[in-house]
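At position 204 of the sequence shown the residue is numbered 204 (full-length UniProt numbering), and the sequence of numbers has no breaks. Backbone N, C-alpha and C fix where the C-beta goes; we use that ideal spot for every residue, glycine too. Since the model is a prediction, treat every value here as computed from it, not as a measurement.
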Amino acid sequence: MFRYLICGLLLLCLLAGCGSQQVPENKNQISQHMDQAFLDAYARRMQEGRDASLSAEQVLEHVQNMEALIAEARIRKLHDIPEFRQALHQFQAELFMHTLQPDLVKEIPRESISNEETMAFFEKHKEQHYSLPDLYTLRIAMSEDTEELYRLRELMDSQQPAENSSSLRLLSPRPLEQFPAPWQEALQGMKEGDTSPVLKHGNGFAVLRLESIETERFHDLEERMEYIRNDALYARYRNAWKKAYEDLREIHGIRMDSALSDAFAAGFAHSSGKAGENL
Numbered sequence: 001m002f003r004y005l006i007c008g009l010l011l012l013c014l015l016a017g018c019g020s021q022q023v024p025e026n027k028n029q030i031s032q033h034m035d036q037a038f039l040d041a042y043a044r045r046m047q048e049g050r051d052a053s054l055s056a057e058q059v060l061e062h063v064q065n066m067e068a069l070i071a072e073a074r075i076r077k078l079h080d081i082p083e084f085r086q087a088l089h090q091f092q093a094e095l096f097m098h099t100l101q102p103d104l105v106k107e108i109p110r111e112s113i114s115n116e117e118t119m120a121f122f123e124k125h126k127e128q129h130y131s132l133p134d135l136y137t138l139r140i141a142m143s144e145d146t147e148e149l150y151r152l153r154e155l156m157d158s159q160q161p162a163e164n165s166s167s168l169r170l171l172s173p174r175p176l177e178q179f180p181a182p183w184q185e186a187l188q189g190m191k192e193g194d195t196s197p198v199l200k201h202g203n204g205f206a207v208l209r210l211e212s213i214e215t216e217r218f219h220d221l222e223e224r225m226e227y228i229r230n231d232a233l234y235a236r237y238r239n240a241w242k243k244a245y246e247d248l249r250e251i252h253g254i255r256m257d258s259a260l261s262d263a264f265a266a267g268f269a270h271s272s273g274k275a276g277e278n279l
């Protein structure tokens, strides 16, 4: 927490340094935000994890170096660059979020999430978070000779034993993504009992018969109980933070300018559409 506070002070230094766009006439002038407490805080931060002793001269030199960087950035108008403004805004907000968290969102004990609540959370979110991929069971015929392939296909359709098990075999159930890409494309348009067209495969050809698809698969609740309990806990925290943010916006009257919001939304939708066209 102390490190966050110090980083916040550094950020405030930068923001204060960004207030003017001209080089000050007095080259020896120090920023108004610097005082004894500020320098003491810098010294404590610099002493962290340091074995050797720290001198006052080292602290003063470091502070002046940092202030010089801020002054140079101000002259170059880096604070006007949108990415810098965004990064500073987010860093400051995240710093204060960690500082204010004990007052805004109280700690939620993990043991307060009961088994009943965990099971209810699983049932509510299992389609979205706890589903497993469908499993495809295939019978496949493979050959470098198309005539041989059609003979194998007849055997496959009749489900008779094959003379050459390496050319005609039943594959164990597996997810779609474990098959070659051309097989995946063919399987996505098939239903149980369908046979695929002849597909190019390596130096030869292949035909697929979709024997079965195992759907509606989910993680085992009992095995994943503690992981799901954690998810339920995080969901509680998310809801608590959502309420805290809503309250803070109301307390401080935070509202986006409607014209700015509309312009941003229109531009964002347009840029998102363009990005989708390029996929």
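Counting only the same chain and skipping the five closest in sequence on each side, list residues whose C-beta sits under 6 Å from that of T137.
P173, E211 and S212
Which residues mark the beginning and the end of the beta strand (DSSP E) in which E214 is found?
G204 to E214
Starting from S55, trace the beta strand (DSSP E) in both directions and tell me its first and last residue.
Counting along the chain, S55 falls outside any beta strand (DSSP E), and DSSP gives it neither H nor E.
Pull up the distance between the alpha-carbon of L187 and that of S196, whole angstroms please.
8 Å
Checking 7 Å against the spacing of the C-beta atoms, do S143 and G204 come in under that value?
yes
What is the rounded straight-line gap between the Cα of A41 and the Cα of E48?
11 Å
If you pair each beta-carbon of the stretch 236-255 with each one of the stretch 174-185, do three or more pairs fall below 8 Å?
no
Element boundaries [alpha helix (DSSP H), containing K126]:
N115 to H129
C-beta contact flag for L132 and E214 at 7 Å
no
Looking at L132 and the ligand ATP, is the gap between the Cβ and the nearest heavy atom below 6 Å?
As for the ligand ATP, it is missing from this structure, which has no ligand bound.
Going by C-alpha distance, which of E107, V59, A206 and G189 is nearest D145?
A206
Contact set for E223: own chain, Cβ-Cβ below 6 Å, skip 5 residues either direction:
none
Would you kindly check if the distance between the Cβ of T118 and the Cβ of I228 is under 7 Å?
yes
Taking only the alpha-carbon atoms, compute the straight-line gap between L221 and E111 and give it to the nearest angstrom.
18 Å
Whole angstroms are fine: how far does the CA of N239 sit from the CA of L78?
37 Å
From residue 280 to V105, what does the alpha carbon distance come to, in whole angstroms?
Limits of the chain in this structure are 1 at one end and 279 at the other, which puts residue 280 out of reach.
Leaving aside the five residues before and after A232 along the sequence, list all residues of the same chain whose C-beta is less than 7 Å from its C-beta, in chain order.
I113, E117, T118 and F121
Check each candidate in E61, M46, A43 and E67 and name the one with the smallest Cα separation from Q32.
E67
Does DSSP put L132 in a helix, in a strand, or in coil?
strand
What residues in its chain sit with their C-beta under 7 Å from that of L149, if we drop five residues either side in the sequence?
A141, S143, V198, F205 and V207
Please work out which residues of its chain come closer than 7 Å, Cβ to Cβ, to R169, disregarding the five sequence neighbours upstream and downstream, and give them in chain order.
I140
Below 8 Å on the Cβ atoms is my contact criterion, and I expect K124 with F218 to pass it. Report the Cβ-Cβ distance as a whole number of Å.
Actually they do not touch by this definition, with Cβ atoms about 13 Å apart.
Cβ separation of V63 and L88, assumed to be a contact under 8 Å, to the nearest whole Å:
The Cβ separation is near 19 Å, so there is no contact.
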